[in-house]
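Positions in the sequence shown are counted from 1; adding 23 to them yields the numbering used here.
C-beta: ideal position from N, C-alpha, C; glycine also.
Remember, predicted model here, so these are calculated numbers, not experimental data.
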Amino acid sequence: MTSNTTRQRTFYLVLLAIFLALVLLLQTLGSFIHIGPVSISLVLIPIVIGGMMLGPLGGTILGLAFGVITLVAGINGTDAFTHILFEAHPFLVVLICLGKGTLAGLGAALIYRAFCKKHRVLGTFLSAGAAPIINTGLFILGALFMQQTLADNFVADGSSVLYFLIIGCAGINFIAEFALNLILAPALYRVLSVVQQNVATTRKEELRR
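What follows is the structure, encoded as structure tokens:
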């Protein structure tokens with residue numbers, strides 16, 4: 024293993040550790056910020072930019088970490104909404120929490136990789152928008168298998184589970200998360216460009232030595 028390869032791996036692991044710390048911090052803070060019955064996901068920004076910088080594997084790891092933190096909050100009761108669902112449908116809630124986070128990170132990273140060489144700006148916006156779409160879409164899809172529990176605990180009389188999910192629950196959060204991601208997408212692009220330029224400069228200097 025060359026010294027250059029070792030430095031690249033070290034750089035990758037350092038960045039991954041930084042993004043994991045951000046995911047832990049922001050998701051912990053986000054669990055106390057509720058829009059409706061569910062907490063807002065502040066972690067999608069570091070997951071998106073982490074997936075852009077670290078690739079699909081990095082995006083997958085960050086998304087999985089997001090899912091694990093969400094699941095733990097549901098199990099210990101910090102997130103009351105997830106806790107109630109977990110008590111009634113433990114296996115399904117584990118699958119939803121881990122699946123939606125992991126696929127949101129992986130999907131955002133893959134979309135950026137597909138566009139970054141020729142259309143980096145477009146890839147940045149598409150990746151930033153894809154993460155909340157995947158995260159919310161999979162949540163709603165999974166929640167449809169828990170309709171009775173939702174109806175018994177959260178849905179008002181005369182309303183439907185689907186209306187509750189789309190309008191009163193995930194829909195409001197989705198709009199907030201989607202808008203936040205798109206608003207911050209230009210900043211993500213600038214940060215990514217600066218980091219990539221610095222990495223490229225460092226590699227050129229190492230090759231000259």
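Comparing alpha-carbon positions, which option in G146, E110, R213 lies nearest R172?
For the purposes of this step, residue 172 is taken as the residue at position 149 of the sequence shown. Residue 172 is actually Thr in this sequence, not Arg. Taking only the C-alpha atoms, the option nearest T172 is E110.
Whether V46 touches I98 by CB criterion (9 Å):
Position 23 of the sequence shown, counted from the start, is the residue given in the question as residue 46. Position 75 of the sequence shown, counted from the start, is the residue given in the question as residue 98. Their beta carbons are not under 9 Å apart, which means V46 does not touch I98 by this criterion.
Close Cβ partners of L133 (< 7 Å) along its chain, the five nearest in sequence each way excluded:
Along the sequence shown, read from residue 1 onward, the residue named residue 133 stands at position 110. Same-chain partners within the cutoff: P79.
Should V37 go down as buried or exposed, given a rule of 16 or more other Cβ atoms within 10 Å for buried?
One-based indexing of the sequence shown puts residue 37 at position 14. With fewer than 16 Cβ atoms within 10 Å of its Cβ, V37 is classed as exposed.
Rounded C-beta distance between A131 and I70? I'm assuming under 8 Å.
Locating residue 131 in the sequence shown gives position 108, counting from the first residue. Locating residue 70 in the sequence shown gives position 47, counting from the first residue. Going by Cβ atoms, the distance from A131 to I70 rounds to 7 Å, so yes, they are a contact pair.
What runs of the alpha helix (DSSP H), each 4 residues or longer, lie entirely inside the stretch 112 to 187?
113 to 138, 143 to 166, 170 to 176
Bounding residues of the alpha helix (DSSP H) (the contiguous stretch that carries G97):
By one-based count along the sequence shown, residue 97 stands at place 74. G97 -> alpha helix (DSSP H) spans 67 to 99.
If contacts are defined as beta-carbon pairs under 8 Å, then A174 and A154 qualify, I think. What distance do you get, rounded to the angstrom?
Here residue 174 refers to the residue found at position 151 when the sequence shown is read from its first residue. Here residue 154 refers to the residue found at position 131 when the sequence shown is read from its first residue. About 29 Å; that fails the 8 Å criterion.
Pop quiz: L115 and F168 are said to be a contact at Cβ under 8 Å. What is the actual Cβ separation, rounded to whole angstroms?
The count along the sequence shown starts at 1 and reaches residue 115 at position 92. The count along the sequence shown starts at 1 and reaches residue 168 at position 145. About 6 Å; that satisfies the 8 Å criterion.
Measure the Cβ-Cβ separation of Y212 and T147 and say whether it is below 9 Å.
Indexing the sequence shown from 1 puts residue 212 at position 189. Indexing the sequence shown from 1 puts residue 147 at position 124. Result yes, Cβ atoms of Y212 and T147 sit closer than 9 Å.
Taking I72 and N204 to be in contact with their CB atoms under 8 Å, please state how far apart those CB atoms are, rounded to whole angstroms.
On the sequence shown, residue 72 is found 49 positions in, with the first residue counted as 1. On the sequence shown, residue 204 is found 181 positions in, with the first residue counted as 1. In fact, because the Cβ distance is near 10 Å, the residues do not count as touching under 8 Å.
To the nearest angstrom, how far is the alpha carbon of G53 from that of F138?
The residue you call residue 53 lines up with position 30 of the sequence shown. The residue you call residue 138 lines up with position 115 of the sequence shown. Computed Cα separation, rounded: 30 Å.
Assign L164 to one of two classes, buried (16 or more other C-beta atoms within 10 Å of its C-beta) or exposed (fewer than that).
Here residue 164 corresponds to residue number 141 of the sequence shown, with the count starting at 1. With fewer than 16 Cβ atoms within 10 Å of its Cβ, L164 is classed as exposed.
Can you list, in chain order, the residues of its chain whose CB lies under 7 Å from that of L43, leaving out five sequence neighbours each side?
For the purposes of this step, residue 43 is taken as residue 20 along the sequence shown, with counting starting at 1. Correct list, in chain order: L85, A88.
What's the C-alpha gap between S182 and L161?
Translated into the one-based positions of the sequence shown, residue 182 becomes position 159. Translated into the one-based positions of the sequence shown, residue 161 becomes position 138. Taking the straight line from one Cα to the other gives about 22 Å.
Assuming M75 and L215 form a contact by the criterion Cβ under 8 Å, report the distance between their Cβ atoms to the nearest whole angstrom.
Counting from 1 along the sequence shown, the entry for residue 75 is found at position 52. Counting from 1 along the sequence shown, the entry for residue 215 is found at position 192. At roughly 5 Å, the Cβ-Cβ gap stays under 8 Å, so M75 and L215 are in contact.
By DSSP, does S216 sit in helix, in strand, or in coil?
Here residue 216 is taken as the residue at index 193 of the sequence shown, counted from 1. Helix.
With C-beta atoms as the reference, is R39 less than 9 Å away from G81?
The sequence position of residue 39 within the sequence shown is 16, counting from 1. The sequence position of residue 81 within the sequence shown is 58, counting from 1. Note on identity: in this sequence residue 39 is Leu, with Arg being the wrong assignment. Result yes, Cβ atoms of L39 and G81 sit closer than 9 Å.
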